[in-house]
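In this text, residue positions in the first sequence follow numbering that gives the first Met the number 0: the first is 0, and each later residue adds one.
Don't be surprised by glycine CBs; every beta carbon is placed ideally from N, CA and C.
Keep in mind it's a predicted model, so treat the numbers as computed, not measured.
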Amino acid sequence: MDNLTIARLFSEAADLMELGEENPFKIRAYRNAAQLIAALPAPVTSLSPDERRALPGIGKDLAARLDEVARTGRLQLLDELRAKTPASLLEIKRLPGIGPRTLLMLWREMGIASATELEAAIHAGRLRTVRGFGPKKEATLLKALASNRDLVARHLLPDCLARGDALRAHLADAGPQARVVLAGGIRRGTELCSGIDIVAAGTARDLASIAEAFRSYSLVETTEESPGGLTARLWGGMQARLVMCAPTAFGATLVWHTGSDAHITHLQSRAEEKGLSFADGALQRGRTTLSTDSEETFYDALGLAWVPPELREGLDEIELAASGALPTLLEWDDLRGDLHMHTTASDGKVDAEAMAAAARDAGLDYIVITDHSPALAMVNGLDNRRALEHADHVRALDRRVKGIRVLAGIECDILADGRMDLDDEVLASLDFVIASLHSALTQPRAEITARVIKAIEHPSVDMIGHPTGRKLLRREGADLDIDAVLDAAAAHGVAMEINGQADRLDLRPSHARKAKARGIPIAVSSDAHSPRGLALKRWGLTVARRAGLTADDCLNARPLPAFRKALRRHRA
DNA sequence: GCCGTTTTCGGCCCGACTGTTTTCAGTCG
0 MDNLTIARLF
10 SEAADLMELG
20 EENPFKIRAY
30 RNAAQLIAAL
40 PAPVTSLSPD
50 ERRALPGIGK
60 DLAARLDEVA
70 RTGRLQLLDE
80 LRAKTPASLL
90 EIKRLPGIGP
100 RTLLMLWREM
110 GIASATELEA
120 AIHAGRLRTV
130 RGFGPKKEAT
140 LLKALASNRD
150 LVARHLLPDC
160 LARGDALRAH
170 LADAGPQARV
180 VLAGGIRRGT
190 ELCSGIDIVA
200 AGTARDLASI
210 AEAFRSYSLV
220 ETTEESPGGL
230 TARLWGGMQA
240 RLVMCAPTAF
250 GATLVWHTGS
260 DAHITHLQSR
270 AEEKGLSFAD
280 GALQRGRTTL
290 STDSEETFYD
300 ALGLAWVPPE
310 LREGLDEIEL
320 AASGALPTLL
330 EWDDLRGDLH
340 MHTTASDGKV
350 DAEAMAAAAR
360 DAGLDYIVIT
370 DHSPALAMVN
380 GLDNRRALEH
390 ADHVRALDRR
400 VKGIRVLAGI
410 ECDILADGRM
420 DLDDEVLASL
430 DFVIASLHSA
440 LTQPRAEITA
450 RVIKAIEHPS
460 VDMIGHPTGR
470 KLLRREGADL
480 DIDAVLDAAA
490 AHGVAMEING
500 QADRLDLRPS
510 HARKAKARGI
520 PIAVSSDAHS
530 PRGLALKRWG
540 LTVARRAGLT
550 ADDCLNARPL
560 PAFRKALRRH
570 RA
């Protein structure tokens with residue numbers, strides 16, 4: 000069982016314990032364990048019991064729970080909790096404004112145990128009778144319930160990719176001669192996926208054993224036949240779809256099942272122009288199906304260059320592929336620096352030295368340490384005095400450490416009125432300043448747009464961090480006039496961030512395209528809170544590629560001198 | 001439930017905002 004699945008068990012147990020009014024510190028211990036496991040480099044099941052016990056935050060009890068999962072693949076505690084409290088309660092807990100207290104009250108006093116029941120209760124006016132509920136809260140809840148419906152059965156990309164990769168490897172083992180690859184949204188890198196799509200091409204014999212391996216996979220709960228293959232519901236609710244084809248149909252089948260729908264529609268038009276047809280995963284001239292043993296062959300038949308999956312969104316990629324003008328997309332190895340990370344000075348897990356060592360080992364040339372400002376009291380944000388001391392500390396580290404440059408920065412809150420959360424002189428003395436929204440995200444469009452623009456106009460601000468503040472599957476983020484914000488950023492030479500946290504991915508691809516069109520430097524940053532977190536740039540990179548960004552568009556793809564020059568110019 | 005060189009008990013991140021109250025509970029980050 001993979002780490003993400005195990006982390007989810009502990010996280011769900013924590014959620015359910017919260018409803019049982021357990022000791023809050025016990026709940027936190029389970030949450031911390033979930034976070035730890037999700038971030039472990041090696042499968043937690045591959046560690047010895049002693050190694051598990053030695054993990055920070057894993058004591059006697061949690062180590063025993065982990066042993067149980069490693070041994071049996073189940074967590075009995077979770078089964079017991081699920082028996083006591085309906086799991087459907089947790090879909091309500093995801094709604095904004097509903098915390099554990101409210102949830103418990105709704106369930107105990109009113110018998111509301113699911114999103115559907117909550118919606119019915121609101122419409123029946125039953126919530127009005129409850130202390131603490133008024134028209135405003137009803138309105139926010141109804142809005143959230145509506146968007147929640149759209150999000151049912153959608154999952155974050157890393158969740159889908161981790162499970163998809165594990166399933167793909169399992170199927171590939173069953174048919175060593177076959178080609179077994181991920182398709183669908185996972186392959187295109189969409190930030191939310193509806194499930195796992197896998198295409199397998201091989202001999203009839205190989206395909207038969209792959210289908211059998213799919214049916215008997217440990218996480219599969221139910222399977223049914225679907226066109227060209229099988230569909231399964233996985234434990235935890237995710238869907239997995241397997242499509243099988245002959246090797247000569249691999250190219251067209253993979254294109255078809257990679258999508259997107261809009262891209263396929265454009266390909267169909269292109270096929271018609273060439274006297275061909277493309278339907279149900281088959282490329283045909285008249286009644287003859289053309290052999291496409293690879294995607295390259297498929298695109299070539301349409302007079303197109305191979306289109307990277309991240310660009311297959313039905314925008315301008317077909318024209319570009321026809322004229323040989325597809326961009327050379329940004330790659331992992333292009334990233335020279337990381338401009339956003341936290342340390343134990345605020346809410347990070349390790350100190351600046353450990354982050355620097357990890358970044359150097361990961362091959363980076365430079366990093367910026369950007370801890371929080373004091374508005375975020377909960378994360379021990381730095382006030383003026385501590386920010387200056389921390390900068391001194393980081394610069395001393397920079398002189399001492401070999402093989403990487405470490406710059407002193409800050410992630411400074413943009414206060415509700417648009418002022419910065421630290422003194423101007425302090426910000427001016429740092430090497431790099433990120434300005435971010437963390438609170439009052441529900442301000443009206445005009446107000447919150449003006450607030451971000453005011454931050455952009457501040458002479459010491461170099462970059463806006465996670466501009467809209469969205470949290471995928473949880474909240475929409477600020478109602479920003481993104482065009483106005485980007486116009487201001489372009490005018491003032493302020494960079495924009497693509498934040499790599501999997502539930503942020505903010506800027507989103509459409510916004511990043513607009514930023515590129517204005518010539519705004521775009522950073523792909525990790526917002527890491529631990530050494531492992533540095534790898535989160537991977538998801539930001541996917542967004543950048545979906546936006547058609549090249550290395551030239553990316554601020555932290557520049558070598559340190561060029562990166563610095565870009566900042567100096569804007570400060571001059 | 002975890003942790004500890006001041007260790008087996010008593011700590012463990014806390015302040016602002018919101019919608020509702022009429023002085024505050026609950027949520028959020």
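Other residues of its chain near residue i: CB distance less than 6 Å, five sequence neighbours each side excluded
i: residue 7; result: none
i: residue 84; result: 15, 18
i: residue 512; result: 546
i: residue 382; result: 373
i: residue 241; result: 197, 213, 228, 229
i: residue 157; result: 501
i: residue 68; result: 5, 74
i: residue 231; result: 219, 222, 239
i: residue 526; result: 339, 498, 500
i: residue 184; result: 192
Residues bridged to residue i (per DSSP)
i: residue 435; result: 412, 464
i: residue 389; result: Paired residue(s): none; residue 389 is not in a bridge.
i: residue 232; result: 221, 238
i: residue 198; result: 180, 242
i: residue 288; result: 283
i: residue 327; result: In DSSP, residue 327 forms no bridge with anything.
i: residue 74; result: Note: residue 74 sits in no beta bridge, so no partner.
i: residue 496; result: 522
i: residue 368; result: 407
i: residue 192; result: 154
i: residue 337; result: 366
i: residue 531; result: Answer by DSSP bridge pairing: none, since residue 531 is not bridged.
i: residue 470; result: 474
Residue i burial status per 10 Å Cβ neighbour count (16 or more: buried)
i: residue 448; result: buried
i: residue 24; result: exposed
i: residue 206; result: buried
i: residue 646; result: Only positions 0 to 571 of the chain appear in the structure, and residue 646 is not among them; the question remains open.
i: residue 402; result: exposed
i: residue 597; result: Because residue 597 is not part of the residues shown, which for the chain are 0 to 571, the question remains open.
i: residue 536; result: buried
i: residue 106; result: buried
i: residue 577; result: Lying outside 0 to 571, the shown extent of the chain, residue 577 is not represented and no answer is given.
i: residue 56; result: exposed
i: residue 302; result: exposed
i: residue 530; result: buried
i: residue 459; result: buried
i: residue 255; result: buried
i: residue 580; result: Nothing about residue 580 can be read from this structure; the chain reaches only from 0 to 571.
i: residue 154; result: buried
i: residue 468; result: buried
i: residue 555; result: buried
i: residue 98; result: exposed
i: residue 100; result: exposed
Distance between beta carbons of residue j and residue i, contact taken as under 8 Å
i: residue 539; j: residue 499; result: 3 Å
i: residue 60; j: residue 48; result: Contact doesn't hold; Cβ gap of about 13 Å is too wide.
i: residue 253; j: residue 180; result: 7 Å
i: residue 452; j: residue 494; result: That pair is no contact at about 15 Å.
i: residue 277; j: residue 200; result: About 18 Å; that fails the 8 Å criterion.
i: residue 421; j: residue 386; result: 6 Å
i: residue 62; j: residue 51; result: 5 Å
i: residue 360; j: residue 341; result: Wrong, their Cβ atoms sit about 18 Å apart, outside the cutoff.
i: residue 489; j: residue 518; result: 6 Å
i: residue 251; j: residue 282; result: 5 Å
i: residue 237; j: residue 284; result: Not confirmed; about 38 Å, so no contact.
Same chain, Cβ closer than 8 Å to residue i, five either side skipped, listed in chain order
i: residue 247; result: 290, 291, 292
i: residue 141; result: 118, 121
i: residue 456; result: 487, 491
i: residue 295; result: 250, 305
Residues of its chain near residue i, where Cβ-Cβ distance is below 7 Å and the 5 sequence neighbours each way are ignored
i: residue 54; result: 35
i: residue 319; result: 325
i: residue 42; result: 1, 2
Closer than 7 Å: residue i CB and nearest the ligand NAP heavy atom
i: residue 477; result: Ligands displayed in this structure: none; no statement on the ligand NAP is therefore possible.
**Given 8 Å, three or more beta-carbon pairs between the stretch 539-552 and the stretch 317-328** = Contact between the stretch 539-552 and the stretch 317-328 is present, because at least three Cβ pairs lie under 8 Å.
*asked:* Would the stretch 519-535 count as touching the stretch 333-345 if we require 3 or more Cβ pairs under 8 Å?
replied: Contact between the stretch 519-535 and the stretch 333-345 is present, because at least three Cβ pairs lie under 8 Å.
**Message:** Using 8 Å as the cut-off, can you tell me whether the stretch 295-307 makes contact with the stretch 485-503, which would need three or more C-beta pairs spanning the two stretches below that distance?
**Reply:** Flag = no, the stretch 295-307 and the stretch 485-503 do not touch.
Are three or more beta carbon pairs between the stretch 461-472 and the stretch 432-451 nearer than 8 Å? The answer is yes - the stretch 432-451 touches the stretch 461-472, with three or more Cβ pairs under 8 Å.
* To do: Specify whether the stretch 391-409 and the stretch 423-430 touch according to this definition: at least 3 beta carbon pairs, one from each stretch, less than 8 Å apart.
  => As far as the Cβ criterion goes, the stretch 391-409 touches the stretch 423-430, which means the pair count is three or higher.
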